[in-house]
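Asker:
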Amino acid sequence: MSDHDEHHHPSAWGPHDWTHGAPHNSWSPLIMSMGFGIFLFMLAEAFTNGVFNAGYVPLVFVGLFVSLVGLIIWWRQDMSFDGTYEPMATGAPFKNIQIRKVAIWVFLMSEMMVFTSLFSTYIRYRTGIENCQTVFERGDWMQQGYTLETGEALICFEPASHLIASSMWHIAPGAINTFALIISSFTIVQALRWAKKPFGTIDEEVRRKRVFRYLGSTWILAIIFLILKMTEWFIGFYVPEIEILGIHEHHIHSLYAEGYLINADHYHHHDWVDEATGATMLADISVSASTFYVTTGTHGVHVAGGIIGLTYMTFKAWTGGYTPKNAVSIEYFGLYWHFVDLVWVLVFPFFYLY
Amino acid sequence: MNREKIISRTLVIFTVLLLGMVAVPSATSLPTGVAGVKDSGCNCHGAVVSDSVIPTLEGLPETYNYSEIYTLNIAFTGGPADPANINQGGFNLWVSDGTITPSDASVQSWNPNEVSHTDAGNDQTSWTVEWTAPANDRNVQFILHTNSVNGNAGSAEGGTIGDEWNRLSIQISSPVVILEQANPYTVLTTLIVVSFVLLLTVLTFIFYQNNPESFDWEHFAPWVAGWLTTTDHKRVGTLYFLAGFFFLGIGGIMAILIRIQLMVPGNDFLTQDQYNQFFTLHGTTMIFLAAMPLINGAANWMVPLQIGAPDLALPRLNAMSFWLQPVGAVLIFTGVFSGTGADTGWTGYAPYIVSETAHVGTTMWVAGQILLVASSTLTGINFLTTIAVMRAPGMGWMQMPLFTWSILVANLMLFLSIPAFGVGLIQVYLDRVIGTAFYDAASGGDPLLWSHLFWYFGHPEVYVVIVPAFGIISEVIATSARRSVFGYRSMVYAMAGIGVVSFIVYGHHMFTSGMDPTLRFVTMLTTMLVAVPTGIKIFNWLMTMNGGSLVYRTHTLWALGFLVTFTLGGISGMFFPSMAMDLHFHESYFVVAHFHYVLVGGTVFGLFCGVYYWFPKMSGKMLNEKLGVLHFLTAFVTYNGIFWPMHRLGVWGMARRHHTYFISVDEVRGVDGEIITEAVLGALPPEAAGWNMFITVNAILFFFSNFILIANVVISLVRGEKAPADPWGGWSFEWLTDSPPPTPSFGRFENGEWHDLPTLADANEHVAHEPSRLGIWFSKLMVADKEEVEN
Ligand code: HEM
Ligand SMILES: [Cu+2]
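Same order as they appear, the protein sequences are chains A and B.
Numbering of the first sequence is given in the numbering used here, commencing with residue 1 and proceeding in unit increments.
Numbering of the second sequence is given in the numbering used here, commencing with residue 355 and proceeding in unit increments.
1) Is Phe997 of chain B closer than 8 Å to His940 of chain B when the C-beta atoms are compared?
2) Whole angstroms is fine: what's the gap from Gly812 of chain B's alpha carbon to Asn650 of chain B's?
3) Should Met113 of chain A be flagged as near chain E, meaning a C-beta pair shorter than 8 Å?
4) At a cut-off of 7 Å, is His806 of chain B close to ligand 2 when judged by its beta-carbon and the heavy atoms of the ligand?
5) What is the residue span of the alpha helix (DSSP H) that Arg1073 of chain B lies within?
6) In the DSSP assignment, find the unbroken beta strand (DSSP E) run with Ala429 of chain B in it and report its ends.
7) Report the neighbours of Ser110 of chain A on chain B: residues whose CB is nearer than 8 Å to its CB, in chain order.
8) When you compare the CB of Thr201 of chain A with every CB in chain B, is at least one pair closer than 8 Å?
9) Arg363 of chain B CB to nearest chain A CB: under 8 Å?
10) Can you check which of these residues, B:Tyr793, B:Ala683, B:Trp759, B:Gly413, is closest to Tyr703 of chain B by C-alpha distance?
11) Are any of the Cβ atoms in chain B nearer than 8 Å to that of Asp140 of chain A?
12) Can you list, in chain order, the stretches of the beta strand (DSSP E) that have 3 or more residues and sit fully within the region 1076 to 1117 of chain B?
13) Mind listing the chain A neighbours of Thr583 of chain B? Cutoff is C-beta to C-beta under 9 Å, in chain order.
14) Note down, in chain order, every chain A residue with its Cβ under 8 Å from the Cβ of Ala746 of chain B.
15) Quick one: measure Cβ to Cβ for Ala652 of chain B and Gly964 of chain B, integer angstroms, because I've assumed they're closer than 8 Å.
16) Closer than 8 Å, Cβ to any Cβ of chain A: which residues of the region 639 to 666 of chain B, in chain order?
17) With DSSP collapsed to three states, give me the class of Lys325 of chain A.
18) Confirm the yes/no value for this check: CB of Val952 of chain B, any heavy atom of ligand 2, distance under 7 Å.
19) List the endpoints of the continuous beta strand (DSSP E) containing Phe237 of chain A.
20) Please go through the same chain and pick out, in chain order, the residues whose beta-carbon is closer than 6 Å to the beta-carbon of Ser406 of chain B, but skip the five residues on each side of it.
21) If contacts are defined as beta-carbon pairs under 8 Å, then Ser1099 of chain B and Ala1077 of chain B qualify, I think. What distance do you get, rounded to the angstrom?
22) Could you list the residues in the region 281 to 300 of chain A with a C-beta less than 7 Å from some C-beta on chain B, going in chain order?
23) Grab me the residues of Val846 of chain B's own chain with a C-beta within less than 6 Å of its C-beta, minus the 5 sequence neighbours each way, in chain order.
24) Please say whether Thr1113 of chain B and Pro887 of chain B have beta carbons closer to each other than 8 Å?
25) Assign Lys197 of chain A to one of three DSSP states: helix, strand, or coil.
26) Can you list, in chain order, the residues of its chain with a C-beta nearer than 7 Å to that of Tyr322 of chain A? Leave out the 5 residues immediately preceding and following it.
27) Considering only heavy atoms of ligand 2, does any lie closer than 7 Å to the CB of His862 of chain B?
28) Can you tell which of B:Thr688, B:Ser856, B:Ile788, B:Phe840 has its C-alpha closest to the C-alpha of Met767 of chain B?
29) Measure the CB-CB distance between His299 of chain A and Val343 of chain A and report whether it falls below 8 Å.
30) Name the one or two DSSP bridge partners that Leu1038 of chain B has.
31) What is the residue span of the alpha helix (DSSP H) that Ser117 of chain A lies within?
32) Anything in chain B within Cβ reach of Ala327 of chain A, meaning under 7 Å, just list it in chain order.
33) Quick check on this structure: which residue in B:Val370, B:Phe368, B:Gly374, B:Ser362 has the alpha carbon closest to the alpha carbon of Asn25 of chain A?
34) On a CA-only basis, which of A:Ala153, A:Arg193, A:Pro29 is nearest Ser286 of chain A? Give me that one, please.
35) Answer yes or no: the CB of Val886 of chain B versus the heavy atoms of ligand 2, is any distance below 7 Å?
36) Kindly give me the distance between the Cβ atoms of Ile826 of chain B and Phe757 of chain B, rounded to whole angstroms, as I take these residues to be in contact under 8 Å.
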């Protein structure tokens, strides 16, 4: 080790002195890894085969807390980053492109495979298991004894879209979300644009405010996305009577309230009633619900991850941390954010419309 | 005390605490932990043992007669029990061998070796049961727990307040005196703990050796903290090597226990249940916790050095990749020590993996694997980026050293395939945790989907572990033969070809799953296609030696050994794509022989070769050649002694993943103890017993032969000869810097820019000192464009 390094007494928990190269020692990786480990362990203890064990829930939060501590150390080291050390590619063919930008693109490649695998699962089950509506219309579910009395459920695929696309109101949260994400992709680009304006062309205070506001709006839009998603999954909402528009007062049930659940092995939809006997078709839809919740949920987790990142970035923007020298970090986040947006553009038709 | 010291001190303590926290899941599963009723006792009332309760167990002989039935009287005195109470007491009796049966309604049976009182039996202080002694020689242990109850069951306190309990343990011996049989869990735990303590001791010793004067906490804490927080690619590489070798040892210990079980037909050292966990953990450990970290160790160390980069592209992320591994490892091992570890095989096939019958440790195994997937993804990002963008000016794709190429190809394969495994794991995790139905066949889930996701990753994965070995061998053979590698370009295309083809062959793992015959045929052809690029590589290596003059060093020997064993593994591999053969060989020891020839004879030998080759560069100390040759000879011979006979056993039909086997002259007893003398279905020819014994002996010898390497490394670290910058006459960038290399590895960073990074021209300069064909080759191939160098 050269004396050069020793003079600087690099701290392993932040803020880093970025003026002489790559990050120094950091506690963050170790602590964050342990946080993830504790989290996964305790989550598995809190639920076992679908049985809830409340005693472990605080420990789940311990896991999350430890991960957060690691993340904060990481951020603390990054706060001082002012673009001094933005490593550039040395070799052809990427010469003079920022290295971290290449890394983000590589990362998105694996993200692509993650969603590909989820979609493969979906397609396997969607095409491999008979649709519940088809089964009902064929009408032989009665004769085969799939009735309430026998308590036996018929395995079939009930797409979430059957419920969601059933009314304009039901699909509203998803549709609004689509726009929220698209607009947020726009605001993040605006933040980048303002951060990138060359020194001297604008007042630095104006830059600080603009970047902060655009990142803040992106943050808010992402929050709206998750809130609406929770509304659609668990909460449901109320539609008031508006006579002029011909809207009648009614309740939009959440998917949860509709019984569209991962463990719904005795699901019955209000449409599937035999007019003559009044018997209801019982369906085991747990596979279709699993694919729906896990795929849209994985996307939701990506949005949540984005929110965590945006929280830090908005804070850094508020301190005036983004200047043309290091505006590119907004661009890197933007690449990820556009990807999350694009995935939604696929998830939405596949799960909400089809 | 200055601030730095306080901080590093607190943080080391903090880390120890956190590590402890992560390790608790494993610790609570120690034999004295949650091992079940036998150890934790019955659902004991009251918090503490009470001496006033005196349990008794009467009717036991000192030595039992085979299969005789004994009537046992269980009783206790003392404690709050009183005939006036609603309830008086309860018990739980566990026996290590034979079966216990209740003799009246006051006792119920949990399983053949465990009984307890019933509700009706709650109002008594004595009970009777019957014990059938085992039909063979055993030292039998009885463990009795009794509760003395004060009868406040109906009260608000919930009934157990004020109750007292005690425990009684009795051992009786068999008619013929036998040695006590070891408990495999105790053996495993002890060995792991001993290895870990040894590792820590050696590390502390090395710290002491560095500077005997400053051997105190004041210096120790910052030193440890420095390692725990490092982001330097060389130090992280060393950490990977440490972790990798440690787990290679642990996996080896499990392999030895497996082999002890298989030493003789019908052995009962491990039960079927224990055996399942041992081979699951053996496979998982070896692939994910030994082979992959060792490869990452070599890659971390060498890739930046070979391409002339100061460090990896994202150093902190690199540290993250590493630290996810030990945490994942702790989760993977959860439950193993108490008999509740994962028992699914390293492939974790559905639907068993999501069933409740699979051990609870399976969930943690899945969780640990998820962390390893995250780790591999981060590693992939780092290496792909580094290799793509941080090559020294002038070094084009086709001038990259072959080891770097191999890491590029391996990471590309891993990176594109592991997300499928990750998603599969998350699905399984959710199935096991919150109760989704992805692999629940009763709800229409398709277990084969898991096989698809797994093998879509799994097949590229086996190439991920072998391709870096190819890279190492290419470097070593070229250096040792004193010439450039023959057919550099075809080497690169062969590796890339393997990378592409490996994505379209995974169906060969599912031939027997009822696959469409047309697809089987297609997969058969694509699988056979893999042999083409692999063959090209082998012939190129041979041709490299043909044109050169071989210098025999330890690493040369390992490379030659690799050529033999890997080729044999490749040949046995060619039997499987052929459908008719695969149907016979599937799940037999022929498969075990094959994948060990490629994994041990390929990956592990390749890595050993790399260790001998690069150790002087990494540590600045030379290894002892004599010990090296001794290691090679012993390991090579015993290794072949283990796995060569397995081919024959496999052809005879010895089944893989089975805890025992029979030979055709074995007496086999039926349910009622009558002797069935005819050959059991699937019994092996009598010679199989001898071969299995032979294999086990060799396995133990192989295990110990590797201590020669460890001894060699430790001796050299403590008092090895100093290594020059280029001890073997290698010519890639890593041989340009000092041994060990400085930090940053190349250049220096000033005013927001890197200065003095090497260019390919520097490497050529270095080679120019080499009189031979090499110089000519370089002048033809590796001289960079003038402008590029100037930039
Ligand atoms: C001392 C050296 C070793 C011995 C004696 C040994 C022995 C064995 C045996 C007997 C089995 C078969 C268990 C069964 O299916 O019934 C096995 C399985 C396996 N071994 Fe090894 N092994 C050794 C080293 C390694 C190494 C170095 C690796 C990987 C780098 C490895 C990877 C595997 C894998 C992947 C399996 C399959 C596990 C499964 O079926 O899930 N082994 N080993
Ligand atoms: Cu394969």
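Glycine included, every Cβ here is placed at the ideal spot set by N, Cα and C.
Answerer: This is what the structure gives:
1) no
2) 18 Å
3) Going by chain labels, chain E is absent from the structure shown, which instead holds the protein chains A and B.
4) no
5) 1061 to 1073
6) 423 to 431
7) Thr731, Gly734, Ile735, Phe769, Leu770, Ile772, Pro773
8) no
9) no
10) B:Tyr793
11) no
12) 1102 to 1104, 1107 to 1109
13) Ala12, Trp13, His24, Asn25, Ser26, Trp27, Ser28, Pro29, Leu30
14) Thr90, Gly91
15) 5 Å
16) Ile661, Ala663, Pro664, Asp665
17) coil
18) no
19) 237 to 239
20) Gly432, Gly433
21) At roughly 16 Å, the Cβ-Cβ gap does not stay under 8 Å, so Ser1099 of chain B and Ala1077 of chain B are not in contact.
22) Asp284, Ser286, Val287, Ser290, Val294
23) Trp759
24) no
25) coil
26) Ala195, Val211, Lys316, Ile330
27) yes
28) B:Ser856
29) yes
30) B:Ile1017
31) 99 to 128
32) Residues of chain B passing the Cβ test: none, with the nearest at roughly 15 Å.
33) B:Ser362
34) A:Ala153
35) no
36) 6 Å
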